[in-house]
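Right, one structure below, let's go through it.
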Amino acid sequence: MDSVKNDVTTYPAYLAGKWQTSESRETIAITSPWQHDVIGKVQAVTQSEVDQSIKASKKAQHAWASLSLGDRGQYLNQWANELEKDKEAIATSVMTEVGKNYDDAEKEVTRTIDLIRYTVQEALHMHGESVRGDGFPGGSKEKLGIIERVPLGVVLAISPFNYPVNLAASKIAPALMAGNGVIFKPATQGSISGIKMIQALDRTGLPTGLLSLITGHGSVIGDYLTEHPGINMISFTGSTQTGKHLSQKSIMIPLVLELGGKDPAIVCHDANLDLTAKNIVSGAFSYSGQRCTAVKRVLVDDSIADQLVAKLKTAVEKLSVGSPVDDNAIVPLIDNKSADFVQGLIDDALSKGAALITGNRRDKNLLAPTLLDNVTEDMDVAWIEPFGPVLPIIRVHSVAEAIEIANKSNFGLQASVFTQDIDKALEIAGAVEVGTVQVNGRPERGPDNFPFLGVKASGMGTQGVHNSILSMSREKLTVMNLK
Ligand code: G3H
4 MDSVKNDVTT
14 YPAYLAGKWQ
24 TSESRETIAI
34 TSPWQHDVIG
44 KVQAVTQSEV
54 DQSIKASKKA
64 QHAWASLSLG
74 DRGQYLNQWA
84 NELEKDKEAI
94 ATSVMTEVGK
104 NYDDAEKEVT
114 RTIDLIRYTV
124 QEALHMHGES
134 VRGDGFPGGS
144 KEKLGIIERV
154 PLGVVLAISP
164 FNYPVNLAAS
174 KIAPALMAGN
184 GVIFKPATQG
194 SISGIKMIQA
204 LDRTGLPTGL
214 LSLITGHGSV
224 IGDYLTEHPG
234 INMISFTGST
244 QTGKHLSQKS
254 IMIPLVLELG
264 GKDPAIVCHD
274 ANLDLTAKNI
284 VSGAFSYSGQ
294 RCTAVKRVLV
304 DDSIADQLVA
314 KLKTAVEKLS
324 VGSPVDDNAI
334 VPLIDNKSAD
344 FVQGLIDDAL
354 SKGAALITGN
364 RRDKNLLAPT
374 LLDNVTEDMD
384 VAWIEPFGPV
394 LPIIRVHSVA
404 EAIEIANKSN
414 FGLQASVFTQ
424 DIDKALEIAG
434 AVEVGTVQVN
444 GRPERGPDNF
454 PFLGVKASGM
464 GTQGVHNSIL
474 SMSREKLTVM
484 NLK
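For the sequence shown, the working numbering gives the first residue as 4, with consecutive numbering after it.
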């Protein structure tokens, strides 16, 4: 790593087992979303370096896969220990680079350490099965099928800016435990934190070339990686638009896609409104709404809507707004373009008659948390994912209407249902087209041993530790013909 003027560090890429500057001699500047200064530069890796990295990963993968699970697990446990030592530095990097407040950034690193250790344990406790061939007429007990799980080869792990450490490790750890090599392509904004995380992994003495970390221009290496014949599986978290593009470009390999959402909070007339308001506010506004699982619309029964709106207003107005270094709840968005986009949704809704309850103030990319009431179906904010601190409230007159509007969305990640009637909760849970329904709680991915999936435009395949290991391995059948 070399420092250049203004203390801006130029970070190397980790290619085929070596930290190095790219042959392109080109770097990409990373600007902090709240310091508004360049905080570092990362390498613009070339296509030929991608080739070399994939080749090295393939080569190292065979020996890696032949290690015992226990031995692979030792590397990963050591990685968790190294991350523990670097926790403060990595959390500070997350805060500086993606503007997450320090407390949340530190929680992200802790969650990652726990996830890596859990992944090791989960892999150690997964096992194959056997089957006899006598299930069909004329079949024979003498045919014994031994079903094992084997690695896929080289996994391409693409992580987003909003969890630069956790959503990277939640792909890398299961890929490695399943016996794969890894090409890790972090979102450019977030790649410095990713580099620090991989420096910790490198210190474990991971076999040379098994994992490479590639930074660069999407236009140069994006499709090149996706279409590369050396890649055997892609695990991607990011926008629906990019996810669709990946699924068009990749060729006959498994894909797991975690994409956008428009998670509704359905509030029934008998809901506990204090609990509901608390969950909606934390669900909608944590990290300024920059979470795929954020509450992105409220569908509330008109009979209790005034009461709920009053409680939401009080709670939202208590949210602190400002720099992440002061642990504010609402922090600047990742860039100005994102703030412009959210502002556009607010302006559109207000021009069409939505009622502004609170918010709609802006300082560059820092937006005050904004509550909009009386949102109707003709407004963009009713359907489009803002990835920012704006929450539309749509008043409904029945459970059926809430379900209908919930399901009209292109997205299907999670939904929350607030009611004290368990039968109604189960009825709604059964009717909404999403991956997960939370009863009396906010949408969220964790705990990380739960399956995590989206349907429709929200994704494909299932994550969560167990499912990630499954999706990064395949069945292999060996049939013993005993006589
Ligand atoms: O942004 C997408 C993440 O998977 C959300 O994770 O629910 O733990 O915040 P989270």
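Using N, Cα and C, we set each Cβ at its ideal position, and we do this for glycine too.
| query | result |
| --- | --- |
| Taking the CB atoms as reference points, tell me whether V303 and I396 lie closer together than 8 Å. | yes |
| Determine the DSSP secondary structure at E85, reduced to helix, strand or coil. | helix |
| Where are the alpha helix (DSSP H) runs, 4 residues long or more, that stay fully inside the stretch 388 to 416, in chain order? | 402 to 411 |
| Identify every residue that forms a DSSP beta bridge with M483. | L147 |
| Taking 7 Å as the cut-off, does the CB of T296 come closer than this to any heavy atom belonging to the ligand G3H? | yes |
| If you check the beta carbons only, do F164 and I333 fall under 8 Å apart? | no |
| Can you give me the C-alpha to C-alpha distance between P267 and Q417, rounded to a whole angstrom? | 8 Å |
| Expressed to the nearest angstrom, what Euclidean distance is found between the alpha-carbon atoms of E125 and K316? | 43 Å |
| Below 8 Å between beta carbons: does that hold for G457 and G391? | no |
| Looking at the secondary structure, which residues open and close the alpha helix (DSSP H) in which Q227 lies? | Checking the displayed sequence, the identity of residue 227 turns out to be Tyr instead of Gln. Residues D226 to T229. |
| Report the residue ranges of all alpha helix (DSSP H) runs contained in full by the stretch 196 to 238; include only those spanning at least 4 residues, in chain order. | 226 to 229 |
| Are the CB atoms of A19 and S56 within a distance shorter than 8 Å? | yes |
| With a threshold of 16 other CB atoms inside 10 Å of the CB of L209, please say whether the residue is buried or exposed. | buried |
| Could you tell me the distance, in whole angstroms, from the CA atom of E85 to the CA atom of R445? | 32 Å |
| Shorter than 7 Å, the distance from the beta carbon of G449 to the closest heavy atom of the ligand G3H, or not? | yes |
| Taking the alpha-carbon positions, what's the N339 to T99 distance? | 16 Å |
| Over the uninterrupted beta strand (DSSP E) stretch that includes A176, give me the two end residues. | Run containing A176: none in the beta strand (DSSP E); it sits in the alpha helix (DSSP H), N169 to M180. |
| Measure how close the beta-carbons of A287 and A297 come, nearest whole angstrom, since I'm counting them as under 8 Å. | 6 Å |
| List the residues that DSSP assigns as beta-bridge partners of T361. | L374 |
| Count the other CB atoms within 10 Å of the CB of D376; is the residue buried (16 or more) or exposed (fewer)? | buried |
| Is the CB-CB distance between L179 and R75 below 8 Å? | yes |
| Going by C-alpha to C-alpha distance, which of G148, I224 and S412 sits closest to K252? | I224 |
| Could you give the distance in angstroms between the alpha-carbon of S476 and the alpha-carbon of S323? | 45 Å |
| Please report the Cβ distance between N80 and V123, rounded to the nearest whole angstrom; I am assuming they are in contact, meaning their Cβ atoms lie under 8 Å. | 6 Å |
| Following the continuous beta strand (DSSP E) through T12, name the residue where it begins and the one where it ends. | V11 to T13 |
| What residue range is occupied by the uninterrupted alpha helix (DSSP H) comprising F164? | It is not in any alpha helix (DSSP H) - F164 carries neither H nor E in the DSSP assignment. |
| How big is the Cα-Cα spacing for L394 and D351? | 14 Å |
| Determine the burial state of N9: buried for a count of at least 16 other Cβ atoms within 10 Å of its Cβ, exposed for fewer. | Because N9 sits at a pLDDT of 46, beneath the cut-off of 50, its placement in the model cannot be relied upon, and the point is left open. |
| Sort E404, S242, G197 and W67 by Cα distance to A16 and report the nearest one. | G197 |
| Enumerate in chain order the residues of its own chain whose CB-to-CB distance from T243 is below 6 Å, with the five nearest sequence positions on each side excluded. | L262, G263 and A460 |
| For G43, which beta-bridge partners are listed by DSSP? | T12 and I33 |
| E145 and L485 look like a contact to me (Cβ under 8 Å); what is the Cβ gap, rounded to whole Å? | 4 Å |
| Would you identify the three-state DSSP class for L336, choosing helix, strand or coil? | coil |
| Measure the C-alpha to C-alpha separation of N413 and H39 and round it to an integer number of angstroms. | 35 Å |
| Kindly indicate the opening and closing residues of the beta strand (DSSP E) around G184. | G184 to P189 |
| Work out the CA separation of D329 and R294 for me, nearest whole Å. | 21 Å |
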